[in-house]
Amino acid sequence: MEPITTHTGVAAPLRASNVDTDQIIPAVYLKRITKTGFDDALFSAWRKDPEFVLNQEPYRNASVLVAGPDFGTGSSREHAVWALKDYGFRVVISARFADIFRGNSGKQGLVAAQVDQQDVELLWKSIEENPGTQITVDLEAMSVSCGSLTVPMHLDEYTRWRLMEGLDDISLTLAHEESISEFEGGRPTFKPKTLPAQS
Amino acid sequence: MADAPAKPTTLAEKVWNEHRVVEGQDGKPDLMYIDLHLLHEVTSPQAFEGLRLAGRRLRRPDLTIATEDHNTPTQDIFARIADETSRKQIETLRANAEEFGVRIHSLGDSEQGIVHVVGPQLGLTQPGTTVVCGDSHTSTHGAFGALAFGIGTSEVEHVMATQTLSLAPFKTMAITVNGHLKPGVTAKDIILAVIAKIGTGGGQGYVLEYRGSAIEELSMEGRMTICNMSIEAGARAGMVAPDETTFEYLRDRPHAPKGEEWDRAVEYWRSLKTDEGARFDNEVVLDADRLEPFVTWGTNPGQGVPLSEDVPDPADAGDENARANAEKALAYMDLEAGTPMKEIRVDTVFLGSCTNSRIEDLRAAAAIIEGRTMAENVRMMVVPGSARVRQQAEEEGLDKVFKDFGADWRFAGCSMCLGMNPDQLSPGERCASTSNRNFEGRQGKGGRTHLVSPLVAAATAVRGTLSSPSDLIES
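Residue numbers (this note's numbering), protein chains in the order written: chain S, 1 to 199; chain X, 200 to 674.
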């Protein structure tokens, strides 16, 4: 994972709440066995509408998505994060993220920046008054800036640290190999095992 | 010196504490041990590939099991899968299972089925365990008093490599359902009412513990239906404290403990309940006596009302966002505010999904339709949750009831719940569905979904409009 401290890019306003992962990427695109190549799948139903925000010229190359509350609800599909990244997004801003989506983002280096809804409204206003305007997300200062506007953002401390260091979760955990083995040694024998198969 | 009395803890905290491998310091998450990892074809290939690229092994094949469900056909299951990408995904799971030594139940196998139906029916889902799967409806397994939740593919790979997950503790919320359900009102109606009450984000960051007399009176199937849809309230997990109903369900299941191990296990399982005086971070109370069959009108599972009410007016929605959301939902659903829910005509009835495809669900629906005829211009699809449920239903003659009624009797899988395989709605098609999500396009591009219980699904198939069994008696 590439370390990320700040990101500056064109912001797209997505004025919708409860953007579920079926909207972000419909199930028919989940048949692929790769982690990339999902850019065409992102918001595929909505993108058929010429009025959809990502079909508007200044937002086509957006890398920051500013969305309504409860972004990423529903299915656990990490494909939603892969699709956002493949399209070019590096940051999603919302007042509230679904837990699994937020977790998946953190693992894949997509910044899920939580910003109060009243500040999201200010960002939307600022972007729409100046389409194509850039937003800067600063993980050091934990702030989001758009022109003269700067608002605070929230991100849990551990995810922030991992994003800034670009750390791989599995390597971090394997440093605890001894503790894991010790724990395994103490598990009750009645705990279920899948092997050998019983019938 | 005597030990200080232990601090009263909730069920979720008990299970959490017993799986903590390393306690997180300075705001870092805990490292948690995972007892059971369920795999399916859609969210695992990239994780296996990750292991391969890093030269890592699968740490515990004996705590891992795979089945094919999301993308599998529900008819002609022995024919070659026509869609090449779908076939490749299934073949990839089979090859990965072979390479990493994972037990797999493939299409055609007697234990194949929806991952959340298979785990419990094999007796692998047990009280006090931690269960994960790359599927948000893993919350289903919480019905046994397990801490069970969905994870993304990065976490799937993490569990494969380490049998652990880094997790920040969840908050706890009690959902207390007092009283008793009236006839015709089911577990599905409880959970739809809960979601409508707390909203799709209301459970965020929480483990929900369902308790109270109405929950205690539910079968394991009913408890699974409720825990299944915890994610639709935004919660990662839902739990029910294990009791005699749980133990009876598990006894003699293939992977349930045997002999003395059974006794030791039950003794431990009995300790798994929220202590007197334990504090929840939040609590919601519902009265089961006042619940009615519940259905959704919109495009998220929180947009639901009692079946006897009308399509709500967006003007009555709380804030500007909710209003805009409701208007957008009504436009998509092609509904007008004020229309009685019972006048909404459907094209399709889908009985299936990890929410409502177990034997009890099929029995309940069959009992309603038996001896009745399907409404004109309605199609009904019945998709059992597993090959074993299908077999049991056939032994009980339920398949004949469905077929005589004119319903399509299919093989097990996720099917039209998410429309990954050919089982999809057409644009504009309206469906009464026993599944869990009514998102735009969820069951097929342009399809319109009303979430309902198996009883409402069956009554709707008879009348052609959203209906409850009591409407059949009145008519």
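Each residue gets a CB set at the ideal place from its N, CA and C atoms; glycine is no exception.
Under 9 Å between beta-carbons, which chain X residues line up against residue i? List them in chain order, please.
| i | result |
| --- | --- |
| N104 (chain S) | I350, G351, T352, S353, E354 |
| R96 (chain S) | G400, Q403, G433 |
Output, in chain order, the set of chain S residues within a Cβ distance shorter than 8 Å of residue i.
| i | result |
| --- | --- |
| S335 (chain X) | G74, S75, S76, I100 |
| Q274 (chain X) | Near Q274 (chain X) there are no residues of chain S at all, since even the closest Cβ is about 18 Å away, more than 8 Å. |
For residue i, report the span of its alpha helix (DSSP H) as first-last.
| i | result |
| --- | --- |
| P505 (chain X) | Run containing P505 (chain X): none in the alpha helix (DSSP H); it sits in the beta strand (DSSP E), 503 to 505. |
| S179 (chain S) | 177 to 185 |
| N520 (chain X) | 519 to 532 |
| A563 (chain X) | 558 to 568 |
| L172 (chain S) | 169 to 174 |
| R286 (chain X) | 283 to 299 |
| L163 (chain S) | 157 to 165 |
| S94 (chain S) | Unbroken run through S94 (chain S) is the beta strand (DSSP E), 91 to 94; no alpha helix (DSSP H). |
| Q245 (chain X) | 244 to 253 |
| V81 (chain S) | 79 to 87 |
| E675 (chain X) | Examination of residue 675 (chain X) is not possible in this model, given that chain X is present from 200 through 674 alone. |
| V214 (chain X) | 210 to 216 |
Can you tell me where the beta strand (DSSP E) with residue i in it begins and where it stops?
| i | result |
| --- | --- |
| V655 (chain X) | It is not in any beta strand (DSSP E) - V655 (chain X) instead sits in the alpha helix (DSSP H) that spans 653 to 662. |
| E157 (chain X) | Residue 157 (chain X) is absent from the structure shown; chain X starts at 200 and stops at 674. |
| R102 (chain S) | Careful: R102 (chain S) lies outside any beta strand (DSSP E), inside the alpha helix (DSSP H) at 99 to 108. |
| C146 (chain S) | 143 to 146 |
| Y232 (chain X) | 229 to 232 |
| D259 (chain S) | Absent from the model: residue 259 (chain S). The displayed extent of chain S is 1 to 199, so no value can be given. |
| G9 (chain S) | 6 to 14 |
| H236 (chain X) | 235 to 238 |
| D119 (chain S) | Taken as a continuous stretch (DSSP letters only), D119 (chain S) belongs to no beta strand (DSSP E), being part of the alpha helix (DSSP H) at 117 to 129. |
| I264 (chain X) | 263 to 266 |
| A112 (chain S) | 111 to 114 |
| V151 (chain S) | 149 to 152 |
| M438 (chain X) | 436 to 438 |
| I303 (chain X) | 302 to 304 |
| A67 (chain S) | 64 to 67 |
Is it right to say residue i is buried, meaning 16 or more other beta carbons lie within 10 angstroms of its own, or is it exposed?
| i | result |
| --- | --- |
| V484 (chain X) | exposed |
| L252 (chain X) | exposed |
| A530 (chain X) | exposed |
| L654 (chain X) | buried |
| T36 (chain S) | exposed |
| S412 (chain X) | exposed |
| Q245 (chain X) | buried |
| T424 (chain X) | buried |
| N18 (chain S) | buried |
| K48 (chain S) | exposed |
| Q502 (chain X) | buried |
| L149 (chain S) | exposed |
| H336 (chain X) | buried |
| H315 (chain X) | buried |
| E354 (chain X) | buried |
| M200 (chain X) | Low confidence applies to M200 (chain X): its pLDDT is 44, below 50, so where it sits in the model is not reliable, and the reading given next is rough at best. The residue in question, M200 (chain X), is exposed, as its Cβ has fewer than 16 Cβ neighbours within 10 Å. |
| T361 (chain X) | buried |
| A146 (chain X) | This structure leaves residue 146 (chain X) out entirely; chain X is present only between 200 and 674. |
| D533 (chain X) | exposed |
| H154 (chain S) | exposed |
| M142 (chain S) | exposed |
Going along chain S in order, which residues have a C-beta closer than 9 Å to the C-beta of residue i?
| i | result |
| --- | --- |
| R469 (chain X) | Going along chain S, no residue has its Cβ under 9 Å from R469 (chain X), so there is no contact; the nearest lies around 13 Å. |
| A367 (chain X) | D156, Y158 |
Closer than 7 Å by beta-carbon distance: list the chain S residues that pair up with residue i, in chain order.
| i | result |
| --- | --- |
| Y232 (chain X) | F183 |
| G476 (chain X) | Those do not exist, as G476 (chain X) stays about 27 Å from chain S at its closest Cβ, beyond 7 Å. |
| S285 (chain X) | K31 |
Note down, in chain order, every chain X residue with its Cβ under 7 Å from the Cβ of residue i.
| i | result |
| --- | --- |
| L42 (chain S) | Within chain X, no residue comes near L42 (chain S); the closest Cβ sits about 14 Å away, beyond 7 Å. |
| E157 (chain S) | G226 |
| A12 (chain S) | Here the premise fails: no neighbours, minimum Cβ distance about 18 Å. |
| S17 (chain S) | N520, N524 |
Cβ of residue i within 7 Å of any heavy atom in the ligand MN?
| i | result |
| --- | --- |
| S17 (chain S) | As for the ligand MN, it is missing from this structure, which has no ligand bound. |
Check each residue of the segment 48 to 68 of chain S: if its Cβ is closer than 7 Å to any Cβ of chain X, include it; give the result in chain order. Answer set for the segment 48 to 68 of chain S: G68.
Residues of the segment 640 to 657 of chain X whose Cβ lies closer than 7 Å to any Cβ of chain S, in chain order: Under the 7 Å Cβ criterion, the segment 640 to 657 of chain X contributes G640, R641, K644.
Compile a chain-ordered list of the residues in the segment 511 to 537 of chain X whose CB is closer than 7 Å to at least one CB of chain S. Of all residues in the segment 511 to 537 of chain X, N520, N524 have a Cβ within less than 7 Å of some Cβ in chain S.
Fully enclosed by the segment 319 to 351 of chain X, which beta strand (DSSP E) runs are 3 residues long or longer? The beta strand (DSSP E) runs of length 3 or more contained entirely in the segment 319 to 351 of chain X are, from start to end of the chain, 329 to 332, 346 to 349.
Whole runs of the alpha helix (DSSP H) within the segment 551 to 638 of chain X, excluding any shorter than 4 residues: Listed in chain order, they are 558 to 568, 586 to 594, 597 to 604.
When Cβ atoms are compared, which residues of the segment 104 to 137 of chain S fall closer than 7 Å to chain B? The structure shown has no chain B; the protein chains it does contain are S and X.
The segment 27 to 39 of chain S: which residues have C-beta closer than 8 Å to a C-beta of chain X, in chain order? For the segment 27 to 39 of chain S, which is checked against every Cβ of chain X, the residues closer than 8 Å are A27, V28, L30, K31, R32, I33, T34, K35.
As an exercise, report each continuous alpha helix (DSSP H) stretch of at least 4 residues that is fully enclosed by the segment 366 to 406 of chain X, in chain order. Correct list: 386 to 397.
Taking only beta carbons into account, state which residues of the segment 435 to 463 of chain X come closer than 7 Å to chain S, listed in chain order. Of all residues in the segment 435 to 463 of chain X, R435, P453, H454, P456, E460, R463 have a Cβ within less than 7 Å of some Cβ in chain S.
If contact means a Cβ-Cβ distance below 9 Å, which residues of the segment 252 to 264 of chain X contact chain S? Answer set for the segment 252 to 264 of chain X: A253, R255, R258, R259, P260, D261, L262, T263, I264.
Which residues, in order along the segment 549 to 560 of chain X, keep a beta-carbon less than 7 Å from a beta-carbon of chain S? Under the 7 Å Cβ criterion, the segment 549 to 560 of chain X contributes no residue.
According to a CB-to-CB cut-off of less than 7 Å, which residues of the segment 161 to 176 of chain S neighbour chain X? When CB distances to chain X are screened at a threshold of 7 Å, the residues of the segment 161 to 176 of chain S falling below it are D169, I170, T173, L174, H176, in chain order.
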